[in-house]
Structure formats: structure tokens, C-alpha cells
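These protein sequence lines are chains A and B, in that order. Counted from 1, the first sequence has number 113 at position 113 by the UniProt record's numbering; the numbering is strictly sequential. Counted from 1, the second sequence has number 162 at position 162 by the UniProt record's numbering; the numbering is strictly sequential. In this text, a Cβ means the ideal position worked out from N, Cα and C, and glycines have one as well. Presented below is the structure to which this report refers.
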Amino acid sequence: MKRTTTDHDSEGIGRRQLLSAVGGSAVAAALAGCSTLLSDGEAADQGGQSGGEISDEPIQAGLLTFTRGAPGVLGIQAQRGAELAVQRINEAGGIGGQREIELDVVNEGSNPLDSYNQFIEEGKEVTFGPISSGTHSQIAPEVEKNEVINVSTDGTVTTLYEETVPDPTYSFRFQNYDIMEVVTMAREAVERIGADNISTVAGVNPGYSFGEDEMRVFTQAIQKLTDAEVVYEGFPELGASDMANHITSINNEEPDVTFSSLWGGDVTTFVRQANANDMFENTTVFGTTLYSAAGDVPGDALAGTDIYSGSRNYYWGLPALGNWQPGRELFDAATQQEGVTVPTAHYMSGYGAVTAWATAVEKAIDLLGTYPSQEQIAQVLEGHGFFTPAGYHNIAEDHQGASNSFAGQMVYDDDLGAARLDDVNTYAATETAPPPGVTGSDWLDSWSA
Amino acid sequence: MAVTPTAALVQTLNGIQFGFILFMIASGLTVILGILDVLNLAHGELFSLGAYTAIGVFGFIIGIIGPPGGGVVGTAVFVLAVLAAVLVTAAILLPVGTLFEAVFLRQIYDRDQVYQLVLTFALLLILLDVKKFIWGDSSIRTDAVYSAINTIPTSELVGLNYPTYNVFVILVGMVSVAGLFWFFERTKTGRIIRATAIDREMATAIGVSTDRVFTLVFALGAFLAGFAGAMAVPPTAATLEMGTNPLVLSFVVIVIGGLGSLRGAFVGALLVGVIRSWMITLYPPGEIAAPFAIMALILLVKPEGLFGTWGETA
């Protein structure tokens, strides 16, 4: 059954029309991040409320992301997204029309907590990132202790706001989290293959908290949607050069569905070695973050494969580029940036995290008439709604962002020089996320078979 | 889980293939340790440097000869070109090893081993930055070699679904093992190196230049690391961090086999490769722990390792 498909050719509304339609500041419009509570057009023309109580001192911001190595495939996307958002804010006059942002980017690397603490010692007013779930679990308690807003780009582990920081004040997460992307792919597997045709499931997931979390949730979700039995679970370490053993085990079991949350360079290694071992003759792969390797995976490796990938809360064709400003602008600007063949969901992680914070601050300025404190920004971020070229987003009271999810068949596009998703389905947050206050596990348990 | 005989065979072959890559890395490490008495922490970075260099060399050579031509001759030419690229890559590492030994290590042979560890760790960091400077932060890969060699039918001829590149690694690994043992057992240079390892003072007394032997051995270790890097990179990618895990696993291999024993490195590498492979099949969470468990067991039963240290035989 077809859900919602990509439409690249439709005419869309322009920036001025958008601004006029919803009301918002120049920054919000520049980001397509128009808060529902923003002021009228007069304030927008002034680039937001810019009273005398707002200094023109630049805002010092920090971004923790992977800037090199295999994880850099994701991290550099997030970095470029955040940089473009900052650039657009500054070109629009800065926050409140006066304060430009200076973004300091640091490699998440092996001592991310030290890097985060360095940001705080340097007096950063806001931090973005990290990418890794492990890092996020480390820094979220520190964020609460330091009382400086962090809007994470990723670090999507399900238990973050359920167990690690159950009652957060200053820690927020923009991107859809693990349960959302996993449930998306469980639904996608049923959508594509049919529940009656899924009786066995295998998994190849990264050997750390993120991969284990994703496999656990997928198992729970798919067993609610089908009568499937899990026949194999492999957890190669991050950056593994040899996945042949896992692939052979899958060939041995021939599962109907193989679930994978491999990401970045690991996807390319897995797909190439799986293709060489004819694994796609024995199973169909459904993955949450496989498309993160869009610009890395070569065409010959994808030839003859049977892979469906999620794309978290952003796929560059939905909403249609021409329909949702600055969709086309963002896509064209992104593809000009170093290290971005096509902008992936992680690009939006960076762009959206900055947008969430910036539009919340603008909203607070509009309400208060002055530059807000950390606590006031935090209060505005709770329940904050805003737009990006990915569509509409909301950060719920539990500090978790909720947006549409996307999934489609991963194929190689010679014209693009990268992978794209074909026949894309869209899933609303209500289909993939538990209601605020309900844990992912309890929500899945509550599903009737 | 039920494992079919075919899957069992393929998993064993996977283990052997991984074991040969490990041996290529560990052999250089153990030769340097056995003869120079230096634990080279930069060895993983030499392996990684080999992988990065190989991508350029593969590109250059394949750029000249083009993709594999049709027929047996065209295929043979392509495979030989890949082998030549691997050897050229390893040869590029020779002067790097020579430089490291002659300029840095030679100054500290008489000092405590802690100095060697600090120095080789410093070399590790320097090599990491050199790679970053030359190739940048992002991972790089070569697409032509792996897919092209996999188009050659080998295991399919006997009804097995197994990538030809892996068969290629196993065959090259077997030749490498034979070549190394032949070098150390049958050639004059190899015997001089062994003599130096067994009794450094006696070797000096009969006219052997230990400086020259040490330089040769370190360069040979770098050659082997580069060779391993070039063989390992086609199915995966060269990344800045790729030297870390092979270094750790190589330590495990040489501890299992006996510090400084080439024979031990060979047996240890295959043991680790195959057991790891079967562990993934039977109990996947044990993948990382398995090699260390074997090492702990060997240390308990035979603290000097399976084959002891360097001695009368390689």
C-alpha cells in the first residue's frame, strides 16, 4: 500500500508569503522556523524584537559532533546543517535582530565529556550535539547541572528521558529518537512485505548502546505487528572492517527481514560485503539509518540489493522541495558544502537543533521584550512548535522532539551521484512515538496484537 | 541455532581469511619484538598507512591497465596488477620503517622499555596526524578492486557461495606465510637475523652489524604492516582509527603464540580468526571477548605462549 510519495515539481509558497501567512521574525522565516506564537508582521520586519536591553554581543555556541573517521559521515552532515542555520540566522540580522551566533565546532571523539565541559568553561550560551547515544547519556546529566541549554542533534537513545535524565530542564532533543525510527521501520516492513509474510527476523546492529537499544525496540515492535521469531542477532563493533561472519549467519538463517541500525561508513562495508555474499537473495533489509551513507555507498554495491531505509525526520524530497521554503534553497546550499553529497537526516539534525533553539529564543524575546535567561528559554522550548524544510516539528513537555518520519527503498541515482530513497512513505509522529509521559516499552506493551 | 554444513564451512573460511590478515599484521609486530625487543605501539598506524597508501596505488595501477578484461588472460593481468599494487604499497613502507628505526628507535635501545613505549606511542600520534594532513578526516575507499575480483568465479565452481576476494586473501596469506618461513629458515639474511635474535653479543662477535640488522628488521615489520593494510582495505574503508583494533588483536595473537615467535603468530592468528568466527555464529555477543578469553586461557596453561619466544626456529 502506498502512503505519501515524493513530489519534486510542485510550485511552493515563497518566503514573503510564508512570513505573511504565519507571522514571524526574519530569523524564523530564514530558517522556515515560524513559531506558532510569534508576533505580527511588524516585528518580523524589524527582525524580531530588538529593544535596547538586548546587547549586540555575539552569542557563543558550541557544537559537539564527529568531524572525522567513520562516524564523520554523520557528524559532518550535522555540522554543515548547523553551520547553514547559523549562517542564515546571521544573514537575517542575528537573534533578536542584534546578536549574531559564533559556532564553535569540536570533534566528539574519545573524550566528549571533556569537550562539553570545555564549552561550559568557555562560557557558551548554548550547546548543540552530540551525535552518539553514549555521549548523550554522559553529557545530559552535566547539562542539567550546568543549567545551560543543550539541544541535541542526535544521541537518540530511548532511555535518555526515561531513565538517565527523567525530569530534564535544560536538555532537549530535536531529532526523532530511537523508538520512533525503529517503529517506523517495523511498520515499513509490514507495509512492504505484509505481516503474514514475516515469520523470521534477524538483526545486525552496532555493538554499543544505540544498536542494542534499536534491536530491542525493533524486536518488541515487530513481535506486536507479526508473529515473527528472532533467529539471529549480531552486534559488530563500530568501524568493523569485517562483517562476513554476520552475513554468513544471515545466509544460514534466511530470515524474512533483517533489521539494521548500522550507520555511516559501516553501512557501506556491510552492504558491499553482503552483496558479495549474495545475502540479498536470502533476506530483505530494513534499517533505520542506512540512508546516512547516501553519499558514501557506491553504485555497484547497491545494485541488486533489497534495502529499505528510514531517514529519521527528514528526507530531502518531502515535503516537496518546491512546496516548502527554503526546501530547494537548503538542498542547493547543502550540496555546495564540503562533505555533503546530499543532505541526509543528520544534516537536518544540525539544522533543526539550531532552529529549535533560535526560534524559541526569538519567541521568548517577543514575549518578554528582552533577551531571555536560560530558564526562560527552557520554558519556551517546552511545547515549542516550529518549521524547518523537513516540515513541522514540536518539542513536547518531555523535551523530546516529534516530527514525521520517512522511509523508502534505497537505490543508487547516477544523476545525483549518490543514493536516494524511492517510493517514500511518511509516518506521523502519532504512529511512531509514545505519548509524552509514557515510556517506549510500556507503549509497545500496550499495543493490541 | 542450527548451522548447515555449508554455513559451517563458510564461517570457517571467514575465520581463516581474517586470521591471515591478522597474521600479516602480527608477524611484523612479533618479528620486531622478538629481535629488537621493542613493543611497537605504532605498528597499527603502519598498517593503516598501508591501507591509505594502497588506495592511491590501486587507483594509479588500475588507471593504467583499466578494469579486468574479458577471458582468462585479462583476469590474470588484473589480479597480477592488484598483487603488484599490494607489493608496491608495502615497499613504500620500507623507507618509513627504516627512518623510524635509524632516527628514533636507535637512540633509546639502551634505555628502559618505558622509553620505547613512549616513543612508539609518540610515533603513533605523529602518523595519525600525518594521515590527517595528507588524506583528511573522512574515510576513503577503493571501489574497483573488491567488486572486480569478486566477479571472477572461484568458489561457485564447487557450489559454494563465497566471495572471490576472500579466496584471494587466503591464497596470498598462504604464500606470505611460506615466504616468511623460507626467508628466515633458508636465506643467509634470515639466518643472520635469527642468530642476532638468539644471541646478540655472539652475532656481533662474528661480524654481524646489529645496527644494520635492526634497521632491516624494523623495515621488514613496516613492510608486512603495509602489505596487510593493502590486502585488508578493498572490502572496507581506510579510516583514521583503523589501526587501533588490529594492534590490540595483534597483541593478543602474539601473546597466544609466544612473544616474538613467527610460528606462534601464525597459529595464534588462525586460532583467533576461526574461534572469533565461530563465536559470532554461535553466540554473537561473545565476538569481542572471545580472543581475550583464549589469551587468558593460554596464559594460565602456558604463560610463555604456545611456541615460546624466538629461538632455533622462526
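Please report the straight-line C-alpha distance between residue i and residue j, rounded to a whole angstrom.
i                      : j         : result
B:Tyr-115              : B:Arg-276 : 34 Å
A:Asp-266              : A:Ile-54  : 46 Å
A:Arg-68               : B:Leu-125 : 15 Å
A:Leu-74               : B:Met-231 : 27 Å
A:Glu-142              : A:Phe-235 : 29 Å
A:Phe-286              : A:Pro-255 : 12 Å
B:Thr-53               : B:Val-88  : 10 Å
B:Val-145              : B:Phe-227 : 15 Å
B:Val-255              : A:Glu-397 : 54 Å
B:Ile-62               : B:Ala-84  : 11 Å
A:Arg-16               : A:Gln-325 : With a pLDDT of 40 at A:Arg-16, under the threshold of 50, the modelled position of this residue cannot be trusted, and the question is left open.
residue 461 of chain A : B:Ala-8   : For residue 461 of chain A there is no data in the structure shown, the boundaries of chain A being 1 and 449.
B:Gly-207              : B:Gly-229 : 36 Å
A:Leu-444              : A:Gln-220 : 7 Å
B:Ile-294              : B:Gly-264 : 14 Å
B:Leu-180              : B:Ala-269 : 15 Å
A:Asp-415              : B:Leu-224 : 41 Å
A:Gly-33               : B:Met-242 : Since pLDDT at A:Gly-33 reaches only 44, below the 50 mark, its modelled position is unreliable, and the value read off the structure follows with that caveat. In a straight line, the C-alpha of A:Gly-33 is about 40 Å away from that of B:Met-242.
B:Ala-205              : B:Asn-150 : 53 Å
B:Val-233              : A:Pro-166 : 44 Å
B:Glu-201              : B:Ile-16  : 39 Å
A:Ile-149              : B:Thr-244 : 35 Å
A:Trp-447              : A:Glu-191 : 17 Å
A:Ser-260              : B:Gly-257 : 36 Å
B:Leu-99               : B:Val-130 : 15 Å
B:Val-267              : B:Val-167 : 19 Å
Tell me the DSSP secondary structure of residue i in three-state form.
i                      : result
A:His-136              : helix
B:Thr-210              : helix
B:Thr-151              : coil
B:Leu-247              : helix
B:Ser-27               : helix
B:Leu-39               : coil
A:Met-410              : strand
B:Ala-293              : helix
B:Tyr-115              : helix
A:Gln-400              : strand
A:Trp-324              : strand
B:Gly-260              : coil
B:Pro-86               : The sequence given here places Val at residue 86 of chain B; Pro does not occur at that position. It is helical.
A:Gln-337              : coil
A:Val-204              : strand
B:Thr-6                : helix
A:His-393              : strand
B:Ile-275              : helix
A:Thr-219              : helix
residue 450 of chain A : In the structure as shown, chain A begins at 1 and stops at 449. Residue 450 of chain A is therefore absent and cannot be evaluated.
A:Thr-388              : strand
A:Asn-425              : strand
residue 505 of chain A : Summary: the structure shown does not reach residue 505 of chain A, with chain A confined to residues 1 through 449, and so no result is reported for it.
A:Ser-292              : helix
A:Tyr-371              : coil
Does the distance between the C-beta of residue i and the nearest non-hydrogen atom of the ligand SAM fall short of 8 Å?
i        : result
B:Val-72 : The ligand SAM is not among the ligands present in this structure, which contains no ligands whatsoever.
Roughly how far, in whole angstroms, is the beta-carbon of residue i from the beta-carbon of residue j, given that I think they are within contact range, below 8 Å?
i                      : j         : result
A:Leu-302              : A:Val-271 : 7 Å
residue 463 of chain A : A:Leu-421 : Within the shown structure, residues of chain A are numbered from 1 to 449, placing residue 463 of chain A beyond reach of any answer.
A:Ser-405              : A:Gly-391 : Not a contact, Cβ separation roughly 10 Å.
A:Phe-210              : A:Val-157 : 6 Å
A:Glu-144              : A:Ser-171 : 6 Å
A:Ala-428              : A:His-384 : With 8 Å as the limit, A:Ala-428 and A:His-384 do not qualify as a contact, their Cβ atoms being about 19 Å apart.
B:Gly-305              : B:Leu-259 : 6 Å
B:Tyr-165              : A:Ala-276 : 7 Å
A:Tyr-308              : A:Gly-408 : 7 Å
Got a sec: which bits of the segment 2-15 of chain B sit with their beta carbon under 7 Å from any beta carbon on chain A, in order along the chain?
-> Val-3, Thr-4, Ala-7, Val-10, Gln-11 and Asn-14
Which residues, taken in chain order from the segment 102-133 of chain B, show a beta carbon closer than 9 Å to some beta carbon of chain A?
-> Lys-132
Could you run through the segment 60-93 of chain A and flag, in chain order, every residue whose CB is less than 8 Å away from some CB of chain B?
-> Thr-67, Arg-68, Gly-69, Ala-70, Gly-72, Val-73 and Ile-76
Looking at chain A, which residues of the segment 19-40 of chain B have a Cβ within less than 9 Å of any of its Cβ atoms?
-> Residues Ile-21.
Closer than 8 Å, Cβ to Cβ, to anything on chain B: give me those residues from the segment 205-224 of chain A, in chain order.
-> Gly-207
Inside the segment 85-151 of chain A only - alpha helix (DSSP H) runs reaching at least 4 residues = 112-121 and 133-146
Length at least 4, wholly inside the segment 254-290 of chain A: the alpha helix (DSSP H) runs in chain order = 265-276
Could you name the residues of the segment 159-184 of chain B whose beta carbon sits closer than 9 Å to any beta carbon of chain A, in the order they occur along the chain?
-> Asn-161, Tyr-162, Pro-163, Thr-164, Tyr-165 and Asn-166
Going along the chain, which residues of the segment 193-227 of chain B sit with their C-beta nearer than 7 Å to a C-beta in chain A?
-> none
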